[in-house]
Amino acid sequence: MSKVAVVYWSSTGNTEAMANAVADGIREKGGEAVLHTCEDFDGSKVAEYDAIAFGCPAMGDEVLEDTEFEPMFDGCKDALKGKNIALFGSYGWGDGEWMRNWEESCKEAGANLVCDSVICQEEPDDEAADACKALGASLL
């Protein structure tokens, strides 16, 4: 059975809801999903998982949350080379620039993005939740 980490940061609960849907998709396909907030994950844990889904909302001027999530993610980058990952997050405004920049950063680190990233505006609706489940399933 594949073991997949779902690592996220959420302020309003929107990205947390997405993380739970990602975990549901992993479990529905027969994998083991382990949810982590970014406070309890770091680069030393990357090797424990077959794949990782990272979730962070857009903050400020369409950037990753910079006090907790981004430092944790930067600490994981060296361990992500060749690792299957997927990205998700919510936003309140803009056009998804933070996600495009984040995807590029992952590619530069050598990570394998296994599917299109999932973004949704504000609270995830049924369509976004289904996309998150599919994202989770794609990691197996």
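Letter 105 of the sequence shown, counting from 1, is numbered 105 in UniProt numbering, and no numbers are missing. The beta carbon of each residue, even a glycine, is placed where N, CA and C say it ideally should be.
For CYS38, there is no enclosing alpha helix (DSSP H), since its DSSP letter is neither H nor E.
Going by C-alpha positions, ALA5 is about 7 Å away from ALA51.
Pairwise C-beta distances place the stretch 125-132 out of contact with the stretch 101-112, as fewer than three of them are shorter than 8 Å. In this structure, GLY55 is the residue among GLY55, ASP61, SER138 and LYS133 with its C-alpha nearest to the C-alpha of SER11. Within the model, the alpha-carbon separation for SER138 versus CYS76 is close to 21 Å. The beta carbon of GLU70 is closer than 6 Å to those of LEU64 in its chain, skipping five residues each way along the sequence. ALA86 and ALA21 have their C-alpha atoms spaced approximately 13 Å apart. The closest CA to that of ASP40, considering only GLU68, LYS107 and GLU104, is found on GLU68. DSSP places MET59 within a strand segment (E or B) once states are collapsed to three.
Of the other Cβ atoms in all chains shown, fewer than 16 fall within 10 Å of the Cβ of GLY92; this residue is therefore exposed.
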